[in-house]
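Peer 1: Handing you a structure now.
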Amino acid sequence: MKDLLISHVDLDGVSPNVLLNLTGRKFNFKNIEIFDVDKTFDELFNKDIKKYENIYIVDLTLTEHAHELIQQSKLTNIHVFDHHASHEFAINYPYTDIRVTIDGKKTCGTELFYLYLKDKYKELNHQDIKEYVEYVRQLDTYDFKDEETAQNLNTLHDILGHKEFISTITKRLKKNKPHFDFTQFEKRLFKIERNRINRYLQLRDKELKVYNINNYKVGVVFQESNKSEGGNYLSILHPDLDLIALIDMTGKISYRTTKDNVDLNEFAAIYGGGGHKKASGSRIKDEDKEVFIKEYFNIK
Ligand SMILES: [Mn+2]
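If you want it as structure tokens, here you go:
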């Protein structure tokens, strides 16, 4: 029997795919946005949820509806790993491991999943795999010790895309090298990509517009890539703003802040989204895109 993995779309969401690959287990996977949790769970529990040996759900804040489906199913092979504070309501459910910190240090979905897997599958107990997980943690929590390597990992994910990234990193970690490292070619690529990102972010700053939204002073830009970095960059450049809204017209708005008194999980919830206090997102629906097209081209 196969396993099933459901996790997020970012680096902390695809790294569980890498870890499960390393166990040698066969599995199906879905990498989904937080606002697609209900839809995904409805489909799954209506259909083939019973055909899996283990079901792992990582780095996703589940809704109460999703938890109801899990509980009603009476399945005992479901394991939920998450580090979102907004998910702490489910901390005592027997199938969850929800922790925001471990020994005072911020954790991430990949790390919680790794701690579970490494006891079950001894082949995961290697220094390079440990280091890889730690870089993912640093990037996902912005708790940097080696910011360059962590950011480069994200850059590699952006350049390669999910599928290629997962297979590249899986192959590398199977070699059990003494340390996790990049190839010479990748290092050269990072330099080129770094210059491109810097130019891209400077242009976003030039087009930033400020609006009052829900009593917050919001800097709004159109941005399709490097959203976390862009949000952080613009927040630092504009400390007077409460938050940055990064609009990706292909389907998503990302919200970022560096302020402690702003809760972006709540903010995104107004628009049907969610996430963390300092980083969240909501969907741009097809209807919203249509409004834009009709307005722009003056279609009656
Ligand atoms: Mn995460």
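Counting in this note's numbering, the sequence shown runs without a single skipped number right up to 1110 at its last residue.
Glycine residues also receive a C-beta, built at the ideal position from the N, C-alpha and C atoms.
Confirm the yes/no value for this check: CB of residue 1073, any heavy atom of ligand 1, distance under 6 Å.
Peer 2: Because no heavy atom of ligand 1 lies under 6 Å away, the Cβ of residue 1073 does not count as near it: no.
Peer 1: Mapping DSSP to helix, strand and coil, what is residue 990?
Peer 2: If DSSP states are grouped into helix, strand and coil, residue 990 belongs with coil.
Peer 1: For residue 1072 and residue 1055, which I take to be in contact (beta-carbon distance under 8 Å), what is that distance rounded to the nearest angstrom?
Peer 2: Contact flag wrong, Cβ pair sits at about 12 Å.
Peer 1: Which two residues bound the contiguous beta strand (DSSP E) that contains residue 1092?
Peer 2: 1089–1093
Peer 1: If contacts are defined as beta-carbon pairs under 8 Å, then residue 838 and residue 976 qualify, I think. What distance do you get, rounded to the angstrom?
Peer 2: Contact flag wrong, Cβ pair sits at about 14 Å.
Peer 1: Please specify which runs of the beta strand (DSSP E), each continuous and at least 3 residues long, are wholly inside the stretch 814–855, giving them in chain order.
Peer 2: 837–841
Peer 1: Between the alpha carbons of residue 991 and residue 952, how many angstroms are there, rounded?
Peer 2: 20 Å
Peer 1: Starting from residue 1103 and walking both ways along the alpha helix (DSSP H), at which residues does that stretch end?
Peer 2: For residue 1103, the enclosing alpha helix (DSSP H) begins and ends at 1096–1106.
Peer 1: Assess contact between the stretch 836–856 and the stretch 980–999, defined as three or more Cβ pairs (one per stretch) separated by less than 8 Å. Is contact present?
Peer 2: Verdict: no, contact absent.
Peer 1: For residue 1003, which residues of its own chain have a beta-carbon under 7 Å away from its beta-carbon, when the five flanking residues on both sides are left out?
Peer 2: Within the same chain, 965 and 969 come within 7 Å of residue 1003 by CB-CB distance, once the 5 residues on both sides are set aside.
Peer 1: Across which residues does DSSP place residue 868 in a beta bridge pair?
Peer 2: 817 and 891
Peer 1: Are the C-beta atoms of residue 992 and some chain D residue less than 7 Å apart?
Peer 2: Any reference to chain D falls outside this structure, which holds one protein chain only.
Peer 1: What residue from 853, 850, 848 and 813 has the CA that sits closest to residue 834's CA?
Peer 2: 813
Peer 1: Listed in chain order, which residues are found with a beta carbon closer than 5 Å to a heavy atom of ligand 1?
Peer 2: 822, 869, 918, 919 and 950
Peer 1: Would you kindly work out how many angstroms separate the C-alpha atoms of residue 1019 and residue 1053, rounded to a whole number?
Peer 2: 12 Å
Peer 1: Within 8 Å, do at least three Cβ pairs link the stretch 1062–1079 to the stretch 1095–1102?
Peer 2: With a cut-off of 8 Å, the stretch 1062–1079 and the stretch 1095–1102 do not count as touching, because too few Cβ pairs lie within range.
Peer 1: Please classify residue 924 as buried or exposed, where buried requires at least 16 neighbouring CB atoms within 10 angstroms.
Peer 2: buried
Peer 1: Suppose contacts are defined by Cβ-Cβ distances below 7 Å. Is residue 1007 in contact with residue 1032 by that definition?
Peer 2: no
Peer 1: Name the residue from 1078, 1041, 1015 and 1000 whose alpha carbon lies nearest to the alpha carbon of residue 1024.
Peer 2: 1078
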